[in-house]
Structure formats: C-alpha cells, structure tokens
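Protein sequences appear in the order of chains A and B. Once you know that position 362 of the first sequence is 359 in my numbering, the rest is easy, because the numbers rise by one and skip nothing. Once you know that position 64 of the second sequence is 61 in my numbering, the rest is easy, because the numbers rise by one and skip nothing. Where is the CB? At the ideal position from N, CA and C, for every residue including glycine. What you are looking at is a predicted structure, and each value in this text was computed from that prediction instead of being measured.
Protein chains: 2
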Amino acid sequence: MKIDPQSPLPKYHQLKEIIKESSKKGMIKPNERIQSESELMTIYKISRHTVRHAMGDLVNEGWLYREPGIGTFCADRLSRTSKKTFIIGVISVVVSNYIFPSIIHGIDNVIHPKGYSIVLGNANHNTEKEAAHLQDMINRNVDGLIIEPTRSALPSPNIKYFHKLREKGIPFVMIDSYLDELNPSYVCVDDVLGGYLAAEYLLELGHGRISIIYKSDHLPSTKRFQGYKKALKKYKVDYSEELVKSFVLPEDKNPASPLIKELFKIKKPPTAIFCYNDQIALQAYKAITKLGLKIPHDVSLVGFDDSDLAILSEIPLTTVAHPKGKMGEKAGKMLLQLIESSSTSQVQQFIYKPQLIIRDSCKSMC
Amino acid sequence: MKIDPQSPLPKYHQLKEIIKESSKKGMIKPNERIQSESELMTIYKISRHTVRHAMGDLVNEGWLYREPGIGTFCADRLSRTSKKTFIIGVISVVVSNYIFPSIIHGIDNVIHPKGYSIVLGNANHNTEKEAAHLQDMINRNVDGLIIEPTRSALPSPNIKYFHKLREKGIPFVMIDSYLDELNPSYVCVDDVLGGYLAAEYLLELGHGRISIIYKSDHLPSTKRFQGYKKALKKYKVDYSEELVKSFVLPEDKNPASPLIKELFKIKKPPTAIFCYNDQIALQAYKAITKLGLKIPHDVSLVGFDDSDLAILSEIPLTTVAHPKGKMGEKAGKMLLQLIESSSTSQVQQFIYKPQLIIRDSCKSMC
DNA sequence: ATAAATTTGTGCGTATGTATC
DNA sequence: GGATACATACGCACAAATTTA
C-alpha cells in the first residue's frame, strides 16, 4: 500500500486508513510496536508532520498509544470497543409520515435485542434541520446512523457531515433514498422498476393517457417517474408534458388537489393517474370525486407504498408494495454489521424488487 | 492571562487551560465563536502550529468545534458542566401508530431547540418490552421520560420501574393515558367528556340504538366508554349489553371487522356506532359497506382522534379532536420544566377538553 | 557510567489549498 | 474577486526519554 499524492484524500488520512486496516487485519497486534515516525516518513515519502498528524488522530481515536523514547504501539481492542454508546441515530424527513414509523419500528426490532437504542432526528423537509441533527448525532457519538436524506433529488448541502461521519469512523446506512456521490451503504426499493410496473399495468389495461403526479425533490419519486417514462416508451405511447405534474410541497399540505383540477381542465384529460405515493393518491381520489368523477369508472388510480391508507380507502387502491418494516430491519441489520466489523470502507447496498398489488382502483379500457 | 515560555508546562498546554477556563467561567458561551488562529498567535505570541495543537486537542476533547472558512466555536454539552445526557426517553405503545408519530413530532419540536434528543422505545403492546425499555432508559441516564403506558386500563406490572425513576430523580410525564396510583404528571384528553360528546351528538340526532366498540385494556378507551354510558343515562336511553363490543387485539389486526358482523346479526342492530378511535372507525366503515349498508344512510359512525384517516376516507368522518402534536409539545414543555426545576415532588397535570368535529358520517333520525 | 543513537514531544517558519462571506 | 479562517503539508531545530554500544 502506498500513499497517492494525487488522491483527493489527504495524505494523513490515507496513512490512517493504512494503519487501521493493518490493525483490523491483524497484521499488527495489540501492544505490538509499529514503525517509528522516521521509518514511516521514508516508507511513504511523507514529512514527519504528516506522520504525526495521522498517528495523533489514531491515538485520540483509541487505535494506538505512544511511549516517549520507545515507540508507538497498537492499542488493544477494548479501548476502542468500550467507547460504544449503544445509540443509533435515525434521521428522517418526517417522523410522523405514514411510512417512516413502520421503518423505525423495523429498525427497533432488530437493534433493541442487541442492546442498542434509537435516537430520533426529524429533519422535517428541511436540510438545515437535517444538518443540525447530523452534527448532533456526531456530538453524541452514536455508534451508527440510519438516514433518509432530505430533498434527495437535489444536490445535498450536507455532504460534509457524511464525510465527518466517515472520518470519525461512524458507519451510516441510507434508507429509501441515497446520495449517489457518497457511494454509501443503503437499502432501497427499485423505484424505476416500481414506476415501470405501475405504468405498465395501466398500459396493459388499455389506457393511453396516463398522468403522473410526483415530488420533484425526492429521489425515489423522480425514479418512479423515470420508470413511468420507460414504460410509455416500451409501449410506444406518446409522452405528453401536460399529463406530468410535480410538486415540492410536503404531502400534508394537500398538493394533489390543485394538480388534479389542472389535469381535468385540459382538452383530453387522463383516463388514469399514477401517484408517486398512496398519500397523494388518496388526495387525488378526494379531488377527483369532488369533480363528480368516479373511481375506477371514470379514472383509474395507482398509488405507491401499499400503506394502510390503500386498504382503508373506499375503493381499495391498486399500489406498489414497499417493504417498510422489512426495509427498516434490513437497514438495522446492515448497520449492526458495519458497526461490528468496524470497517469504514465496507459498502453494502440492497435493493428490493417491488411488486404491483392489484386492487380495485383501476379499470380495463378494452 | 499569558503564556510563560519559562513554564515547565508546554505552551500548547497552557493555551488549552486558558481556553478551558474561559469556557468554564462562561466567558465564552456554547456556539459562540472564539478568536481565530491568527488572532491567538498574536495575542499569545506563539506560532500557528502551537495554536492548532492546542485547539486540535480541545476539539478532540469536546470543548470546541471548527468550521472551515468560518471559525472555531465553543461546543455545548458533551461534558464537564453537568452530568446531563440531554437525552429524553419516549416510550410508546406503538411508534408506528397513526397518532403517536405526531406526538413525537410535537415533543421533538419543543425539546430539540433546547439541545435535547429523543431516545425511542417501542413497547409494542407488551408490558415486558415496556419494562425492558424502562430499565434501559434508567441505565442510559436519561434526563427525563415521556411515556404512554401500555395496557393502562389494567394494573401495571411495571410500577416498580416508575418508583426507580423517582428514586433516581428522573422526572417523567405520562401522555394520553396514565397510571392513577402513581399520581404522576401527565397530559391527557378528557376522554370521558370526549365519549360523552360523541354519544350525545348521536342521541341528539335521534339515534336510540347506539353501539360502541372500544379497547378494553386501554384507559382512554374505557373512559370514552364511561362517557358513552353517562350520555345514555342523561338522555334516558336504555343501556344494552349487546351493543357494546370490546377487544384487546392491537388495531393492526383489524379487530373491528368480526365485531361489526356480530352487531348486525342481532335482532335490532344499531343505527349508530361510536368507535373509540378513527382507525377502528374506518375498519368498521369497511366492514359495514361489505355488508351492503351505506354510511351515513343506514348507519351513522363516529370516530375519535381526528386523524388524517378521518379526512381521507370516502365519507369524511365525524370524530372527536385529539390535540396530538400539541399534546406532544405540552408534554415536552412540562418535562423540560420538571428537569430544569429538578424538583422531584412537583406534579403537573394537564387535561385537554376535546371538541366534536362534525363531518358527514352521521344522519339525523328525526 | 557514559556517550551515541533512536524515538517521541514541543515549537517555529513557510507555503498552498479550500471554504465562507 | 478579495479577505478571512481553517486544512494540509513540507522543512528545521531542539528537548526529553529510552536503549544500546
């Protein structure tokens, strides 16, 4: 292993990783002396200052200890593991959202038996609040973090906090959505496929004018939109801008209602609508019935997530299954593995294949 | 204060002490910017490197944090000034319940600005799990606890944990429900009144056979039942056992469906049904429509809580308002007061007066 | 026992990069 | 773009602790 001066990672950081790796892999054992500062200087062709920076950090993080006049030694594992707080941070966009409580439930199911507890952070659609919670989690020395990133379809202003987490060796798992540039561990649904399945189903039923309502700052939502476009292309149905509606408002402000009104003002209104989640689908449902139209007779409707809402509505909603609790459990398990392996570099990614759940909100046009 | 080059203590060590002292004495406050590195260089006539050495140590020890391009700041909490953990435990019956997420949201709104975070515990309708979480919260040294007690209508096997909390001086607030024998601080709804209002409304509409579905191990639910009986008595309507249905299953198992079937098998079925919450009301709604009956034409329906479900359902549900988020905020404020006053004996109790919200799920019989 | 060599600790000077305002 | 503040990195010197010749 060598140090690359061209790497975006600072040299001292690279050296830290090299030492940590050789400690993890047992190449250097507890209380064994490692190379002296001057040896490391010549081996890696870096200055004494840089060597000391790296080693100083590792001493603070409990990987090494120094003895003046003698050398630097590998610390035993205990000094590291005993620093655990047994707290796992969970930051979500809206804790009171209809889906996230189930995810939290799933996470708790997995981590509580292992002695961990959840510290909750609620970003509330606000990247600044998200930043505050991230800093807070770092200050609290959480053992790991599960986060549903806020406004994931836009460039995140909070990237630096994730770098901080990595520097500190705090593993994190993104859930439901992820920031690609970080190449993080994550658990997600194949949203493109989900959107495709929903649109394909409507196309197979003979619908030619299929509308979509999605949230433009939400990555899964935009992926569902991609899937929708993919299906239209496959079935050679024209893509029409006027049938595509998006919003950025939080769901609890009922963004669907005005969009539905717009959709039914156009000359050839849609015969089917795909909503990126069930909450919006039910808002659409209400707005559509207010216009005097009936579901599925006049308009077919497909949601996403298979939430409780989908079953509780008057006409059970055709929707796409979301693993919810299972996804929480998976993220919890993944994080526990990352914590226990204490390897910062490891990346795990898991993508659920969604399934269409056919109920009664769609009609065949044939 | 100055740095003495003759001192046996290293300069960086002296600077650390100076900064720590001014932090302890409150001369620099949390999140306040301290002098820049170059300022400290000139003030104390030491090199940049020495300043960075001192400040780097203090960052590692949790006294300071740095923001590139902005400055170095005094860290809050995480230390020395007190033994506070700035963690508030929240234990609920079901975190994924439709109401509790809003309550958590409300709690978070109040406590997060004060630097506290929520550690979540999910009892999942299980008193043993509740016990495990209570012990866990005690072990974690939470600064306070907010709890929705599980199976609150039954004698609690977990009383001893609340005594432990009191012994340890950890204040707690019960929410939505409470264990009377403890004479605890709590925030609740006047459930008897709520049940009374719901039943009174149906009675005023001319209904003579009013059924109730409630959860028998849940204190608020049984109080709503009491209010129902009170109203019947007041209006001199006979109380009929066959119209009263209760269950203990968690709501997500759809306990309402079989009960509705039973209700409509009896000779004179009810013309109105009061369900102790909206979730059950919507399950009832579905079961009723499955029987070929229409709401409100054939059966009137009243729920409780005014959840999102009440508005999203096909026929907007008449229900009783529950403060939800506001209640969470109130409980948070109350707990913060108890923490700050650090008086164990103080008891605060707050009872919201519920209001009936009339929508379209009830019909007048007159 | 002493001196020399090694190793870590403290400290200064300088330069360049990057983030923020 | 310029000023400011922190981040990384190189070089040098000397001190203190320890080991070894």
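Enclosing alpha helix (DSSP H) for residue i [first to last residue]
i, result
"Glu29 of chain B", "First-last for Glu29 of chain B: undefined, no H or E at that position."
"Lys17 of chain B", "8 to 21"
"Val284 of chain B", "Reading the sequence as shown, one finds Ala at residue 284 of chain B and not Val. Per DSSP, Ala284 of chain B belongs to the alpha helix (DSSP H) from 275 to 287."
"Gly86 of chain A", "Looking at the DSSP string, Gly86 of chain A is not in any alpha helix (DSSP H); the run it does join, the beta strand (DSSP E), is 84 to 89."
"Val48 of chain B", "45 to 57"
Element boundaries [beta strand (DSSP E), containing residue i]
i, result
"Val186 of chain A", "182 to 186"
"Thr298 of chain A", "The sequence shown places Leu at residue 298 of chain A, not Thr. Note, Leu298 of chain A: beta strand (DSSP E), 297 to 299."
"Phe97 of chain B", "Note, Phe97 of chain B: premise wrong, no beta strand (DSSP E); alpha helix (DSSP H) at 97 to 108."
"Val92 of chain A", "Counting along the chain, Val92 of chain A falls outside any beta strand (DSSP E), and DSSP gives it neither H nor E."
"Met171 of chain B", "169 to 172"
"Asn121 of chain B", "Looking at the DSSP string, Asn121 of chain B is not in any beta strand (DSSP E), and its letter there is neither H nor E."
"Phe368 of chain A", "Chain A is shown from -2 up to 363; residue 368 of chain A falls before or after that span and cannot be answered."
"Lys212 of chain B", "207 to 212"
"Leu61 of chain B", "61 to 64"
"Phe261 of chain B", "Taken as a continuous stretch (DSSP letters only), Phe261 of chain B belongs to no beta strand (DSSP E), as it is neither H nor E."
"Gly68 of chain B", "68 to 71"
Below-8 Å beta-carbon distance, residue i vs any chain A residue
i, result
"Leu335 of chain B", "no"
"Pro181 of chain B", "no"
"Leu372 of chain B", "Within the shown structure, residues of chain B are numbered from -2 to 363, placing residue 372 of chain B beyond reach of any answer."
"Phe213 of chain B", "Checking the sequence, you will find Ser at residue 213 of chain B rather than Phe. With 8 Å as the cut-off, Ser213 of chain B does not count as an interface residue toward chain A."
"Ser310 of chain B", "yes"
"Val299 of chain B", "no"
"His10 of chain B", "no"
"Pro5 of chain B", "no"
"Pro98 of chain B", "yes"
"Val92 of chain B", "yes"
Proximal residues to residue i (C-beta, below 7 Å), its chain only, five neighbours per side dropped
i, result
"Lys233 of chain B", "none"
"Lys231 of chain A", "none"
"Ser20 of chain A", "Trp60, Cys71"
"Leu353 of chain A", "Leu194, Ala195, Tyr198, Val317"
"Gly203 of chain B", "Ser361, Met362, Cys363"
"Ile263 of chain A", "Glu239"
Residues near residue i in its chain [Cβ-Cβ closer than 6 Å; skip 5 each side]
i, result
"Tyr9 of chain A", "Thr47, His50, Ala51"
"Asp357 of chain A", "Ile312, Pro313"
"Asp302 of chain A", "Ile96, Asn274, Asp275, His319"
"Ile172 of chain A", "Ile143, Glu145, Val184, Ala328"
"Val299 of chain A", "Ala195, Phe271, Thr315"
Test: residue i CB closer than 8 Å to a CB of chain B
i, result
"Lys283 of chain A", "yes"
"Asn274 of chain A", "no"
"Leu200 of chain A", "no"
"Ser89 of chain A", "no"
"Pro247 of chain A", "no"
"Leu306 of chain A", "yes"
"Ile115 of chain A", "yes"
"Val184 of chain A", "no"
"Asn155 of chain A", "no"
Sequence-distant residues of the same chain with beta carbon closer than 8 Å to residue i, five excluded per side
i, result
"Pro2 of chain B", "Lys8"
"Leu229 of chain A", "Ala196, Leu200, Ile207, Asp235, Tyr236"
"Leu55 of chain B", "Lys13, Ile16, Lys17, Leu61"
"Asp214 of chain A", "Arg148, Ser149, Ala150, Leu151, Val245"
Heavy atom of the ligand FMN within 7 Å of residue i beta-carbon
i, result
"Ser44 of chain A", "With respect to the ligand FMN, the structure offers nothing, as it holds no ligand at all."
Contacting positions in the segment 118 to 149 of chain B - beta carbon closer than 9 Å to chain A: Gly118, Asn119, Asn121, Lys126, Ala129, His130, Asp133, Met134, Arg137
- request: Kindly provide the ranges of any beta strand (DSSP E) runs that are 3 or more residues long and lie completely inside the segment 128 to 160 of chain B, ordered along the chain.
  value: 141 to 144
Cβ-based contacts, 7 Å cut-off: residues of the segment 100 to 112 of chain B near chain A: Ile101, His102, Asp105
- prompt: In chain order, which beta strand (DSSP E) runs of at least 3 residues are fully inside the segment 223 to 252 of chain B?
  reply: 241 to 244
field: Ranges of the beta strand (DSSP E) found wholly within the segment 302 to 357 of chain B, counting only runs of at least 3
entry: 346 to 349
query: Relative to chain A, which residues along the segment 29 to 44 of chain B have a C-beta separation below 8 Å, given in chain order?
result: none
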